[in-house]
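In our numbering, the protein residues as written are 186 to 585. Glycine included, C-beta positions come from ideal geometry on N, C-alpha and C. Just so we're clear, the structure is a prediction, and the values are computed from it rather than from any experiment. Okay, structure first, notes after.
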């Protein structure tokens with residue numbers, strides 16, 4: 186049986202779930218969730234930075250349409266621009282500008298095809314690219330955007346939506362910023378605050394609540410219980426898999442595992458995720474007990490579709506880190522605040538962490554979870570993932 190010092194036995198779960206209902210989603214969180222949904226279906230959203238007295242109409246670049254461009258122009262009275270990350274800019278051969286976010290000015294005759302090409306993961310802007318002439322950086326207006334500004338927050342918002350990190354946007358004239366309520370109502374658009382984008386992930390982690398639990402015997406650990414957590418805004422769900430007997434007065438053996446459909450479920454040989462998942466369950470069972478936290482962070486938190494896009498780029502000879510950059514993402518987009526929150530709710534104060542990733546150690550420690558020991562978690566490579574593991578060691582600091 187699971188040690189009763191844990192707060193979430195199945196019997197106690199009902200009371201805990203009822204008590205957790207006191208946590209409610211804030212209007213800010215709700216607006217971000219709605220914006221994520223709107224952006225994923227190609228809708229326009231208005232993003233406002235109250236502190237800077239600026240606002241913009243935005244649309245995800247990969248969802249851009251000619252009608253959307255027309256509406257953006259009609260609402261703002263100005264020609265839209267395309268914001269991309271510096272990683273994406275370097276990929277498409279824009280090397281004469283600095284800054285984390287760059288805006289590419291569009292001419293009046295630009296259409297959605299050009300925007301899609303700017304965001305297209307396989308387009309590089311190099312001379313051997315079949316669409317080389319479609320984008321000529323030296324002929325475009327390219328300006329760096331302010332860190333933390335409208336364009337920066339807009340790209341973060343489309344990242345939350347698991348879309349390519351590129352947006353079409355146009356700023357709303359300053360004289361109309363104070364009239365945004367009428368503007369959103371008249372055009373049927375959602376208004377989102379820039380500050381809400383910035384605080385979204387932290388608040389979502391803090392507002393995780395246990396939804397239910399169940400006994401689930403596993404092939405490698407028959408004495409296991411799953412506790413499902415979800416944020417009160419209805420976002421991504423995470424699991425805590427409690428294996429064997431746990432004494433939370435001592436350091437608990439813990440593994441943080443990011444969801445990998447291809448590796449965990451399909452047995453993909455491109456990564457070592459399936460081996461790590463099953464190996465962690467076996468290691469925790471052999472230790473006598475511990476916790477595996479299964480995080481909804483597919484593809485290092487870029488989402489399944491973007492991960493498959495990255496695979497296509499890797500098939501052209503690009504490594505896993507540079508493939509993410511070619512998409513416009515950071516090499517690793519994951520934050521482990523949800524894992525830290527789950528451990529705190531399980532009243533786990535110190536852990537022995539099964540990991541090769543020093544970033545997990547640092548993030549958990551920063552979040553207030555004491556890591557007393559790193560336990561290596563290494564598995565043999567195969568011909569399909571040898572370069573992947575080598576890249577993780579050389580470029581992301583993994584300890585093998």
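Item to check | Whole-angstrom distance between residue 419 and residue 551, CA atom to CA atom | outcome: Here the question's residue 551 lines up with position 366 in the chain shown. Here the question's residue 419 lines up with position 234 in the chain shown. The straight-line gap from Cα to Cα measures roughly 26 Å.
Checklist entry - For residue 507, which of helix, strand or coil comes out of DSSP? => result As a first step, residue 507 must be located in the chain shown, where it is residue number 322. In the structure shown, the three-state DSSP call for residue 507 is helix.
Next on the checklist: Using C-beta distances below 7 Å, list every residue in its chain close to residue 445, excluding the 5 sequence neighbours before and after it, in chain order.
Outcome noted: Position 260 of the chain shown, counting from 1, holds the residue named residue 445. Correct list, in chain order: 456, 458, 483.
Item to check | Extent of the continuous alpha helix (DSSP H) run through residue 131 | outcome: Missing from the structure shown is residue 131; the chain here goes from 186 to 585 and no further.
Checklist entry - What is the DSSP secondary structure of residue 582, counted as helix, strand or coil? => result To locate residue 582, count along the chain shown from 1; it is residue 397. Residue 582: coil per DSSP, three-state reduction.
Next on the checklist: So, does the region 419–439 touch the region 467–477, judging by three or more C-beta pairs under 8 Å?
Outcome noted: Look at the beta carbons and you see the region 419–439 touching the region 467–477: at least three pairs across the two are nearer than 8 Å.
Item to check | Beta-carbon contacts of residue 414 that lie in its chain and below 6 Å, excluding the five residues immediately before and after | outcome: As a working mapping, residue 414 is identified with position 229 in the chain shown. Scanning its chain for C-beta atoms nearer than 6 Å, with the 5 sequence neighbours on each side dropped, one finds around residue 414 the residues 393, 395, 423, 527, in chain order.
Next on the checklist: Quick check on the DSSP output: the beta strand (DSSP E) that includes residue 399 runs from which residue to which?
Outcome noted: Position 214 of the chain shown, counted from the first residue, corresponds to residue 399. Its beta strand (DSSP E) spans residues 393–400.
Checklist entry - What is the DSSP secondary structure of residue 414, counted as helix, strand or coil? => result Taking the chain shown and counting its residues from 1, one reaches residue 414 at position 229. Residue state for residue 414 is assigned as strand, using DSSP reduced to three classes.
Checklist entry - Mind checking residue 585: buried by the 16 CB within 10 Å criterion, or exposed? => result Here residue 585 refers to the residue found at position 400 when the chain shown is read from its first residue. Its Cβ having fewer than 16 others within 10 Å, residue 585 is exposed.
Checklist entry - Grouping DSSP H, G and I as helix and E and B as strand, with all else coil, what is residue 336? => result In the chain shown, counting from the first residue as 1, residue 336 sits at position 151. It is helical.
Item to check | For residue 402 and residue 554, the rounded distance between their alpha carbons | outcome: As a working note, residue 554 is residue 369 in the chain shown. As a working note, residue 402 is residue 217 in the chain shown. Looking at the two C-alpha atoms, the distance is approximately 28 Å.
Item to check | Inter-residue spacing [alpha-carbon to alpha-carbon] between residue 478 and residue 525 | outcome: Here residue 478 corresponds to residue number 293 of the chain shown, with the count starting at 1. Here residue 525 corresponds to residue number 340 of the chain shown, with the count starting at 1. In this structure, the straight-line span from the alpha carbon of residue 478 to that of residue 525 is close to 10 Å.
Item to check | Pair within 7 Å by beta-carbon distance, residue 491 and residue 462 | outcome: Counting from 1 along the chain shown, the entry for residue 491 is found at position 306. Counting from 1 along the chain shown, the entry for residue 462 is found at position 277. No, the pair does not count as a contact, with Cβ atoms beyond the cut-off.
Next on the checklist: On the CB-based measure, 16 or more other CB atoms within 10 Å of its CB, does residue 494 come out buried or exposed?
Outcome noted: Position 309 of the chain shown holds residue 494. Classification of residue 494: buried, given that the 10 Å Cβ count is 16 or more.
Item to check | Three-state secondary structure (DSSP) of residue 517 | outcome: Along the chain shown, read from residue 1 onward, the residue named residue 517 stands at position 332. Residue 517 falls in the coil class under three-state DSSP.
Checklist entry - In terms of residue numbering, what span does the beta strand (DSSP E) encompassing residue 212 cover? => result As a position in the chain shown, residue 212 is number 27, starting the count at 1. For residue 212, no beta strand (DSSP E) encloses it; the enclosing alpha helix (DSSP H) starts and ends at 212–225.
Checklist entry - With a CB to CB cut of under 7 Å and the five nearest residues on each side skipped, what residues in its chain are close to residue 220? => result The residue given as residue 220 occupies position 35 in the chain shown. Excluding residues up to 5 positions away in sequence, 230, 342, 375, 377 lie with their Cβ nearer than 7 Å to the Cβ of residue 220 in the same chain.
Item to check | residue 416 versus 397, 433, 408, 389, residue with shortest Cα-Cα distance | outcome: Within the chain shown, residue 416 is the residue found at index 231, counting from 1. Among 397, 433, 408, 389, the Cα nearest to that of residue 416 belongs to 389.
Item to check | Closest by C-alpha distance to residue 579, when choosing among 531, 560, 516, 268 | outcome: For this step, residue 579 is matched to residue 394 along the chain shown. Answer by Cα proximity: 516.
Next on the checklist: If I follow the unbroken alpha helix (DSSP H) through residue 362, where does it start and stop?
Outcome noted: Taking the chain shown and counting its residues from 1, the one referred to as residue 362 is at position 177. For residue 362, the enclosing alpha helix (DSSP H) has its first and last residue at 359–362.
Checklist entry - Quick one: Cα of residue 359 to Cα of residue 308, how far? => result Stepping through the chain shown from its first residue, residue 359 is reached at position 174. Stepping through the chain shown from its first residue, residue 308 is reached at position 123. The straight-line gap separating the alpha-carbon atoms of residue 359 and residue 308 is approximately 35 Å.
Checklist entry - Would you call residue 273 buried or exposed, if buried means 16 or more other Cβ atoms sit within 10 Å of its Cβ? => result Indexing the chain shown from 1 puts residue 273 at position 88. Buried, by the Cβ-count rule.
Checklist entry - Where do the ends of the beta strand (DSSP E) carrying residue 288 lie? => result Along the chain shown, one-based indexing puts residue 288 at 103. Taken as a continuous stretch (DSSP letters only), the beta strand (DSSP E) holding residue 288 covers 286–290.
Next on the checklist: With H, G and I counted as helix, E and B as strand and the rest as coil, what does DSSP make of residue 283?
Outcome noted: One-based indexing of the chain shown puts residue 283 at position 98. Three-state DSSP puts residue 283 in coil, outside helix and strand.
Checklist entry - Which of helix, strand or coil does DSSP assign to residue 356? => result Taking the chain shown and counting its residues from 1, one reaches residue 356 at position 171. Strand, per DSSP.
Next on the checklist: If I measure Cβ to Cβ from residue 497 and keep anything under 8 Å in the same chain, skipping five residues before and after, which residues do I get?
Outcome noted: On the chain shown, residue 497 is found 312 positions in, with the first residue counted as 1. Closer than 8 Å at Cβ, skipping near neighbours: 306, 307.
Item to check | With 16 other Cβ atoms within 10 Å as the buried cut-off, status of residue 488 | outcome: On the chain shown, position 303 is the one that residue 488 refers to. Classification of residue 488: buried, given that the 10 Å Cβ count is 16 or more.
Checklist entry - Out of 226, 370, 562, which has the shortest C-alpha to C-alpha gap to residue 542? => result Stepping through the chain shown from its first residue, residue 542 is reached at position 357. Nearest option by C-alpha distance: 562.
Checklist entry - Could you give the distance in angstroms between the alpha-carbon of residue 282 and the alpha-carbon of residue 288? => result Within the chain shown, numbered from 1, the residue matching residue 282 stands at position 97. Within the chain shown, numbered from 1, the residue matching residue 288 stands at position 103. Rounded to whole angstroms, residue 282 and residue 288 show a C-alpha spacing of 10 Å.
Checklist entry - If you follow the beta strand (DSSP E) that residue 538 is part of, which residue opens it and which one closes it? => result As a first step, residue 538 must be located in the chain shown, where it is residue number 353. From DSSP, the beta strand (DSSP E) with residue 538 extends over 535–539.
Checklist entry - Going straight from the alpha carbon of residue 382 to that of residue 338, what length do you get? => result The count along the chain shown starts at 1 and reaches residue 382 at position 197. The count along the chain shown starts at 1 and reaches residue 338 at position 153. Pairing residue 382 with residue 338, the inter-Cα distance amounts to about 6 Å.
Checklist entry - Rounded to a whole number of angstroms, what is the C-alpha to C-alpha distance between residue 297 and residue 354? => result For the purposes of this step, residue 297 is taken as the residue at position 112 of the chain shown. For the purposes of this step, residue 354 is taken as the residue at position 169 of the chain shown. Approximately 13 Å, taken between the alpha carbons.
Checklist entry - For residue 329, which three-state DSSP category applies? => result For the purposes of this step, residue 329 is identified with residue 144 of the chain shown, where counting begins at 1. In the structure shown, residue 329 sits in a strand (DSSP, three-state: E or B).
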